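Trainee: Numbering (our numbering), first residue to last: -6 to 248. Just dropping this structure here.
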Amino acid sequence: MTTTTDTETDTDLNHRDRAIRALSGERYAEAGDAYTLAAYGGLSGLDGRRREAFDPDDAGWVGYPLASLFLAGVCYRLAGSDDRARNRAGQGILVAGDQREHVLVHPVDRAACHEWTGDLRTVAGDADRATAAYDRAADAYADAAPDSPAEATTRPLLQSNTDAVLQLSRPDDLDWGDLHGTDGSDALARRVRFKRSRLRSLLATRADDGRLFAPRGSTEYGVDAFRCPDCGARDVNYVAETVLCLRCNGVVDRA
Ligand SMILES: [Zn+2]
-6 MTTTTDTETD
4 TDLNHRDRAI
14 RALSGERYAE
24 AGDAYTLAAY
34 GGLSGLDGRR
44 REAFDPDDAG
54 WVGYPLASLF
64 LAGVCYRLAG
74 SDDRARNRAG
84 QGILVAGDQR
94 EHVLVHPVDR
104 AACHEWTGDL
114 RTVAGDADRA
124 TAAYDRAADA
134 YADAAPDSPA
144 EATTRPLLQS
154 NTDAVLQLSR
164 PDDLDWGDLH
174 GTDGSDALAR
184 RVRFKRSRLR
194 SLLATRADDG
204 RLFAPRGSTE
214 YGVDAFRCPD
224 CGARDVNYVA
234 ETVLCLRCNG
244 VVDRA
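Encoded structure:
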């Protein structure tokens, strides 16, 4: 295995992976910048999943850039830059509104834009307008009435959102059932209720801890080859082409 420094390796990484590396170093302003650039690159189809925001064949994949703007906002809040957090949330709200009015056709996707707006308003600290957006999302999901609400949550616009919320919940990982209920029959209504009642406190917990964890990549437990220099754990998260501690999010060393 070739050994390189973080700096050398970082230049080869996409912006999302750079953001995750910054999270592992608790460099939140840098992570906010990298997530912002991941969003811009993602919207133009030049970064991440390489799907253009206005291409009807790629409808809904705009959720991943929206997730990057959402996470950028969280990172700036952790960095103490509330104005930049509101700015990134505001950009996401504008993108979601344009998608809803001019790009997306499927009623579930258009409803999900209201949900995204609620989440981004929550990051911006605008609770009343978040609640109003969640009300619109709940009504629009009810009108859309997909045959399988659980399956609808796997649409990219919703899956990207679930991924971002699960990342916020780490290290006390929530799972899909926590957001949607175990049988999935009421999944869309439940996820809106979850957001309305829990997203603010999830964000507050991140702010109190002063830490946002990396998303779960592939994970492995009790790995002899690795040991976390900070907490001693051998449970690891393979993500952003590095190995992070599953317990404390630091970079682990080879034992
Ligand atoms: Zn650790």
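Ideal Cβ placement from N, Cα and C applies to all residues, glycine included. Note that this is a predicted model, so its numbers are computed, not measured.
Mind checking whether residue 193 and residue 218 have CB atoms under 9 Å apart?
Mentor: In this structure, residue 218 does not lie closer than 9 Å to residue 193 by Cβ.
Trainee: Looking at C-beta atoms only, is the number of pairs between the region 121 to 131 and the region 102 to 112 that lie closer than 8 Å three or more?
Mentor: Contact between the region 121 to 131 and the region 102 to 112 is present, because at least three Cβ pairs lie under 8 Å.
Trainee: What does the Cβ neighbour count give for residue 245, buried or exposed, with the cut at 16 atoms within 10 Å?
Mentor: With 16 or more other Cβ atoms within 10 Å, it is buried.
Trainee: Can you confirm whether residue 229, when its beta carbon is compared against all beta carbons of chain E, has any partner nearer than 9 Å?
Mentor: In summary, chain E is missing from the structure at hand, where a single protein chain is found.
Trainee: Does DSSP put residue 68 in a helix, a strand or coil?
Mentor: Reduced to three states, the DSSP call for residue 68 is helix.
Trainee: Assuming residue 60 and residue 153 form a contact by the criterion Cβ under 8 Å, report the distance between their Cβ atoms to the nearest whole angstrom.
Mentor: Yes, they are in contact, since the Cβ atoms of residue 60 and residue 153 sit about 5 Å apart, within 8 Å.
Trainee: May I ask you to report which of helix, strand or coil DSSP gives residue 75?
Mentor: Helix.
Trainee: Does the beta-carbon of residue 179 have 16 or more other beta-carbons within 10 angstroms, so that it is buried, or is it exposed?
Mentor: With fewer than 16 other Cβ atoms within 10 Å, it is exposed.
Trainee: At which residue ranges does the region 89 to 143 contain complete alpha helix (DSSP H) runs of 4 or more residues, listed in the order of the chain?
Mentor: Fully enclosed alpha helix (DSSP H) runs of 4 or longer: 100 to 117, 120 to 137.
Trainee: Run through the region 160 to 223 for me and flag every whole beta strand (DSSP E) of 3 or more residues, listed as ranges in chain order.
Mentor: Correct list: 211 to 213.
Trainee: By the 10 Å Cβ neighbour count, where 16 or more other Cβ atoms means buried, how is residue 69 classified, buried or exposed?
Mentor: When all chains shown are included, residue 69 counts as buried.
Trainee: Over the uninterrupted beta strand (DSSP E) stretch that includes residue 235, give me the two end residues.
Mentor: 235 to 238 is the span of the beta strand (DSSP E), which, as asked, contains residue 235.
Trainee: Taking 8 Å as the cut-off, is the CB of residue 207 close to at least one heavy atom of ligand 1?
Mentor: Checking every heavy atom of ligand 1 against the Cβ of residue 207, none is found closer than 8 Å.
Trainee: Looking only at DSSP bridge pairs, what is residue 231 linked to?
Mentor: Partner(s): 211, 236.
Trainee: If residue 200 and residue 16 are in contact, beta carbons under 8 Å, what's the gap, nearest whole angstrom?
Mentor: Not a contact, Cβ separation roughly 15 Å.
Trainee: Specify, as a first and last residue, the run of the alpha helix (DSSP H) that residue 36 falls within.
Mentor: Start and end: 21 to 36.
Trainee: Which first and last residues belong to the alpha helix (DSSP H) in which residue 10 is found?
Mentor: From DSSP, the alpha helix (DSSP H) with residue 10 extends over 8 to 17.
Trainee: Please report how far the alpha carbon of residue 93 lies from the alpha carbon of residue 231, in whole angstroms.
Mentor: Computed Cα separation, rounded: 35 Å.
Trainee: Which residues in the same chain as residue 23 place their Cβ atom closer than 6 Å to its Cβ, once the five residues preceding and following it in sequence are excluded?
Mentor: For residue 23, where only same-chain residues beyond five positions count, the Cβ hits under 6 Å are 15.
Trainee: Using only alpha-carbon positions, find the residue among 102, 80, 76 that is nearest to residue 56.
Mentor: Here the closest residue by C-alpha is 102.
Trainee: Between the beta-carbon of residue 98 and the beta-carbon of residue 49, is there less than 9 Å?
Mentor: Yes, these two residues count as a Cβ contact at 9 Å.
Trainee: Just jot down, in chain order, the residues whose CB lies closer than 6 Å to any heavy atom of ligand 1.
Mentor: So the residues near ligand 1 by this Cβ test are 221, 223, 224, 226, 238, 240, 241, 243.
Trainee: For residue 35 and residue 54, I'd like the C-alpha separation in whole angstroms.
Mentor: Between residue 35 and residue 54, the C-alpha separation is close to 9 Å.
Trainee: Applying the 10 Å Cβ sphere with the 16-neighbour rule, what's the burial state of residue 64?
Mentor: By the neighbour-count rule (16 or more Cβ atoms within 10 Å), residue 64 is buried.
Trainee: Going straight from the alpha carbon of residue 19 to that of residue 204, what length do you get?
Mentor: Going by the C-alpha atoms only, they are around 7 Å apart.
Trainee: Flag this pair as yes or no: are the beta carbons of residue 32 and residue 84 separated by less than 9 Å?
Mentor: Yes, Cβ-Cβ distance for residue 32 and residue 84 is below 9 Å.
Trainee: Nearest to residue 182 by CA position, among 224, 214, 136, is which residue?
Mentor: Of 224, 214, 136, the residue nearest in Cα terms is 136.
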